[in-house]
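Let me begin by presenting the structure, written as structure tokens, before commenting on it.
There are 6 protein chains.
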Amino acid sequence: MRILVVNPVGAKIWDEKDEKYLRRFARIDTSIKVLSLKDGPSSLETFQSMVSVCPGIIQLVKSVDNNYDAIVINCFGDPCIEAIREVVNVPVLGPGETSMMIASLLGHKFSVISPTRKTAVQVELHARALGIEHRLASVVELDIAVLDLERDVEKTVKAVVKASEKAVQDGAEVIVLGCTGLAYMADEIRKRLNVPLIEPASLALKMAESFVDLRLKHSKVALYGS
Amino acid sequence: MRILVVNPVGAKIWDEKDEKYLRRFARIDTSIKVLSLKDGPSSLETFQSMVSVCPGIIQLVKSVDNNYDAIVINCFGDPCIEAIREVVNVPVLGPGETSMMIASLLGHKFSVISPTRKTAVQVELHARALGIEHRLASVVELDIAVLDLERDVEKTVKAVVKASEKAVQDGAEVIVLGCTGLAYMADEIRKRLNVPLIEPASLALKMAESFVDLRLKHSKVALYGS
Amino acid sequence: MRILVVNPVGAKIWDEKDEKYLRRFARIDTSIKVLSLKDGPSSLETFQSMVSVCPGIIQLVKSVDNNYDAIVINCFGDPCIEAIREVVNVPVLGPGETSMMIASLLGHKFSVISPTRKTAVQVELHARALGIEHRLASVVELDIAVLDLERDVEKTVKAVVKASEKAVQDGAEVIVLGCTGLAYMADEIRKRLNVPLIEPASLALKMAESFVDLRLKHSKVALYGS
Amino acid sequence: MRILVVNPVGAKIWDEKDEKYLRRFARIDTSIKVLSLKDGPSSLETFQSMVSVCPGIIQLVKSVDNNYDAIVINCFGDPCIEAIREVVNVPVLGPGETSMMIASLLGHKFSVISPTRKTAVQVELHARALGIEHRLASVVELDIAVLDLERDVEKTVKAVVKASEKAVQDGAEVIVLGCTGLAYMADEIRKRLNVPLIEPASLALKMAESFVDLRLKHSKVALYGS
Amino acid sequence: MRILVVNPVGAKIWDEKDEKYLRRFARIDTSIKVLSLKDGPSSLETFQSMVSVCPGIIQLVKSVDNNYDAIVINCFGDPCIEAIREVVNVPVLGPGETSMMIASLLGHKFSVISPTRKTAVQVELHARALGIEHRLASVVELDIAVLDLERDVEKTVKAVVKASEKAVQDGAEVIVLGCTGLAYMADEIRKRLNVPLIEPASLALKMAESFVDLRLKHSKVALYGS
Amino acid sequence: MRILVVNPVGAKIWDEKDEKYLRRFARIDTSIKVLSLKDGPSSLETFQSMVSVCPGIIQLVKSVDNNYDAIVINCFGDPCIEAIREVVNVPVLGPGETSMMIASLLGHKFSVISPTRKTAVQVELHARALGIEHRLASVVELDIAVLDLERDVEKTVKAVVKASEKAVQDGAEVIVLGCTGLAYMADEIRKRLNVPLIEPASLALKMAESFVDLRLKHSKVALYGS
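Protein chains in written order, with this note's numbering: chain E, 1 to 226; chain V, 1001 to 1226; chain C, 2001 to 2226; chain U, 3001 to 3226; chain B, 4001 to 4226; chain D, 5001 to 5226.
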């Protein structure tokens, strides 16, 4: 099984690290390829940044479509995932929507930990568009810009733990990391929490494997039809 | 007052006609400029087509921002309207969201008449993201592709009237034309209906004028912040 | 264009002031007439007070219906607006419902600043009846009775600003003044806020003008049918 | 126990009959008094008609308040029930809201059978304002004006049975008679249905008795505060 | 009228006391019989405990079905009430669902006071399954296990009053006691609150009486069909 | 990895067949054990039947808990899944809730094909309790009792295909088989549909594997706490 992971940013620096990280969760017979874009910003926090990378993502997936059994878009914002589903014929997984649906299977309500107030609002809107807003306890912001998350890992881990504790007060029984840039810190954060923690990139990978095994693909009858 | 109307397609053929049409509804002291994109498809029915035009829209509005008091994106799908609001400092009106909100002021429920099943589903999703889905009676599809709407006007008018009658059976008390390409037919359709008909492009124009008069602009505190 | 503004209270003292205030926002060719009722309480904070003024409002609009192109009911509670729409054939605008729908076009969520806990609950119910409750971040009460709002303007302005700041904490990106008695203070409040402020009376006036220009009237097919 | 039943119309012709009908369901120690208004229309199908009777209802209940332990407003539309609750200190029951809440205890979903399309829409709005819309399968209209319901009883009964069968197809497991004018036909209709039938006037009476026994009254903390 | 009250626990110690308590609210001609189970836990706070008592409840009601006109399951959790409704032909009342529906008739929103965080979450889920969640202001937990509620009555009463005050801050206008084990304290709690207090066991009893009088039973068309 | 599949019925006849079927989707290193109950009905269509099997399920999972890494309850109704989650410390997957959440990732809306009107209503309630009802286009009933589904496979397949076509008319883009007894027919049904078909048992198995790989377990903080 061959899975393409798209880092929808114009920076290659995380590709190798991500591949290694995701490798930990993949089945032995799954090959993972992480590709980023030629151009574009290093993080996607604004709608403008998503607009700027989407043509590149479409071009990329179109060009390699036949070589992969499934595609994971490695960003919690699930940028232009509907358009990607229109142009390819394999399952396309978004970490954001996948983790919000699966979190709903693990406890009464979940909260998402999000970098900033702006990204937090985007998550709220996303949950509502998905129709899963009744399971969302809250979105708790870290007040740390995406590219600053890696600057001081211990500080970020502490901020996520604190935000998660607030989330539990808001009614959350499950925590979702609202940025795939936090993936490397998931193990450390998990140790410090007494509720389940979903790391969306690894979850999307496993769902991709499952969809391939089950031969499930997106419906082309209307929403993702071309 | 200077209002920019963006035809978010790579075809100039409707620009002059649209300007003339909208002129009918504008105040005497409002100047209207309709601009289309250099490149892009002639209609926006897929997510892929929206992805392809959005960078051009952003570039356009950024380059002329200072010259206008408000911007109308002349497509019912309100393509990348969040990103546009991030990059400009004047009100940005989308015919889709504007007409769904205003329709809710004119009767118990409204229906949208949409070209195809695919565009109909997009409208349903849009209404839900807006949180106005409880006022939406139905989305009725014409089963006519956007670029075919103008091919045989009388046929299209009849199809819209028939779809509207179905919508009234679905509970609609107000009809919204779900494609700005139908604007020219609104007068004729209105004559044949006994419920109010909203033509979204002209409505968005009037809202733009009102926002300018009231000095209302989009909030930049989070969703449209940069 | 002739617009009738009904002050649905038994007190003329605000009529002239309101006319002057609204004149600021009207188009040059719009004539505005503000009329209040012969009898009735000076403010509408209870359901009982609304019951007491509604027959007078109906009688008034019926008697002058033909002389106006649109009617604005100048109270955030939109008293008996359904009945008014039944009996006249011109657009009838309510500041409450108009401002909640339009606020939804300016940011992710809005909050309403309301005089008392009782009026705050009425706004919550109103938002739900309108189906726009998912966009309502909160209703923040001032704990000042309507007729006391004008007693000490600076105190009231400060209270609204403080309440608005709480609203932003609740998730609001747009503030709606929940009483048309606050209209005169809108400019001063706006200066002290960094989010858009909707003053409902002026907004309703502009919407009335737009509806007349677009020849939009309420549907008479069922809800407002007679 | 003394219960006041208000027939909120300007016609006494049903008072005696209603008293006799409700007597069948009352406890032995319950005294029932049915009073109608001095003036007003004979039926309440429009918002305008409700506006016209509400001052009279308020005046009536205020004048007799002390003599009764509970009040039932004998109309499915629950006219101005909030205002009534403000001015009296005993429980006030509305057949419409009571029957929709109780129907939800008897099966998965309920439908309301309503005289006309206009009244049907009012019921839909009412259910939404109550927050019980998720249990409402449908509102099925009879297309018979209220005052014509009694004209040909067998015809009306047949129309209600037919409408109820449609309602069961819509998912209803319980039927609610959406007009207290249908009360006398409930026995006959019930015989012809295989799902429970709620007759709202008798139900409201029994709830009134229960509230008195339990000493439950409406909260005066905000919504019904004065 | 003969009403069976099932104490769905494997402990007889409350039977006599409950019968005496409910006797206070019953009509003179109502006979009440309280029966508990042969086996089972003394309280139902976990899903596991409900699973363990449900077969016993079913067996009990089946064996005595013909001797009673209505059945009340004396636990706020309404354990296996759907199954009970399948197997008997008389009305079956659950204090939880009955009190949440009736609370909605007494004020804008209600809150439930629940023993623990776990039971609080169960109430939230229950309200959502019932479709009444929009009327639920909050569920406030006491942090006292069910069997400890009676240990120190004054302490429990104080905790309920404090929780109710928080609930009023959350927007509640009506308080519902979220455990039938609190029934004996209702009078004392009511004295200390200025909002209505619903004690669910007595309410369910009165509703049972009303259903019998009105000959209302659960629909057997689908949800409770066998 | 060792996965326990519980057939929650008192009949062993499907155990071997189910193991073989699920084996097709399992990873090479996954061992699957299918166990049924000693006693109980052969199908679960009523709430009463679920009540009767739940103690046996709890006893079974408790006795073997330590030997397995995850548990799948092989019935679309997800009987007493909350109780099971309380008593074990491994992930517990329900085909019903898992498939409804995952279906939402594959298209705009999904429909569930359910044996009877009664089971269809149970699915509707389940979707609402999960908070995923906005993605549910409809539940279409086959009008075939569960134990009759296998009687004439070609007839059942045709009925499912016909029901699925109706579902697509209702707006479904994805079909979910609403009974694990239909698993063996999924391949044949899939051939005849042009929308994705989810077979819930195999999906739950794959999710179980993924949860084990990701070390995700249910939250014990409240809902599933003990």
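C-beta: ideal position from N, C-alpha, C; glycine also.
- Listed along chain D are H5108, each with a C-beta nearer than 8 Å to that of V:L1125.
- V:V1153 is classed as exposed because its beta carbon has fewer than 16 other beta carbons within 10 Å across all chains shown.
- Residue burial is scored here from C-beta neighbours: E:N74 has at least 16 other C-beta atoms within 10 angstroms and is therefore classed as buried.
- D:A5183 is positioned such that its CB atom lies no closer than 7 Å to that of B:K4118.
- At a cut-off of 7 Å between C-beta atoms, U:F3025 counts as an interface residue with respect to chain B.
- The criterion of a C-beta distance shorter than 7 Å is not satisfied by U:L3037 and U:V3061.
- Judged by DSSP secondary structure, U:R3085 falls within the alpha helix (DSSP H) whose first and last residues are 3081-3087.
- Listed along chain U, no residue sits closer than 8 Å to B:P4095 by beta-carbon distance, the nearest being about 11 Å off.
- For the segment 5165-5186 of chain D, residues whose beta-carbon sits nearer than 7 Å to a beta-carbon of chain E comprise V5168, E5173, V5174.
- The C-beta distance from B:V4176 to B:S4099 rounds to 5 Å, short enough to fall under 8 Å.
- Look at the segment 4073-4105 of chain B: the residues with a C-beta under 7 Å from a C-beta of chain D are C4080, E4082, A4083, E4086, V4087.
- When the five nearest sequence neighbours on each side are left out, the beta carbons in the same chain lying within less than 6 Å of the beta carbon of U:D3018 are those of V3034, in order along the chain.
- For U:N3194, the secondary structure class from DSSP, reduced to helix, strand or coil, is coil.
- Distances from the alpha-carbon of U:I3084 to those of U:P3115, U:L3004, U:F3110, U:Q3048 put U:L3004 closest.
- Going by beta carbons, E:I113 and E:G181 fall outside the 7 Å limit.
- Interface with chain D (7 Å Cβ-Cβ cutoff): V:V1064 is excluded.
- Under the DSSP assignment, U:A3137 falls in the beta strand (DSSP E) whose first and last residues are 3136-3141.
- D:E5016 is classed as exposed because its beta carbon has fewer than 16 other beta carbons within 10 Å across all chains shown.
- D:F5047 and D:I5057 have their C-alpha atoms some 15 Å from each other.
- Your pair E:S164 and E:L193 checks out as a contact, with CB atoms roughly 6 Å apart and the cut at 8 Å.
- Only residues of its own chain outside the window of five on either side were considered, and among them A2183, Y2184 have a CB closer than 7 Å to the CB of C:Y2021, listed in chain order.
- Non-local beta-carbon contacts of C:V2195 in its own chain, meaning distances under 8 Å to residues more than five positions away in sequence, involve G2107, S2164, V2168, A2172, E2173, V2174, I2175 in chain order.
- For the segment 5003-5078 of chain D, the full-length alpha helix (DSSP H) segments reaching 4 residues or more read 5015-5023, 5047-5064 along the chain.
- In the three-state scheme derived from DSSP, where H, G and I count as helix and E and B as strand, U:I3175 is classed as strand.
- If you ignore the 5 residues before and after E:K166, its C-beta comes within less than 6 Å of the C-beta of V140, all in its own chain and listed in chain order.
- Taking a Cβ-Cβ cut-off of 7 Å, the neighbours of V:V1121 in chain D comprise H5108, given in sequence order.
- Rounded to whole angstroms, B:I4102 and U:D3148 show a C-alpha spacing of 33 Å.
- In terms of CA proximity to B:P4095, B:I4081 leads the group B:G4010, B:E4133, B:D4187, B:I4081.
- The beta carbon of U:K3206 sits closer than 7 Å to some beta carbon of chain B.
- Contact annotation: V:V1072 and V:L1216 have beta-carbon atoms that are not nearer than 7 Å.
- Counting the other CB atoms within 10 Å of its CB gives E:S49 a total of 16 or more, which places it among the buried residues.
- Pairing C:E2188 with C:V2157 gives a Cβ-Cβ distance under 7 Å.
- Around the beta-carbon of U:D3143, fewer than 16 other beta-carbon atoms lie within 10 Å, marking it exposed.
- Within chain C, the residues whose beta carbon sits less than 9 Å from that of B:H4134 are R2128, E2133, listed in sequence order.
- Collapsing the DSSP output to three states places E:S226 in coil.
- Put simply, the backbone Cα of E:P79 is about 14 Å away from that of E:S42.
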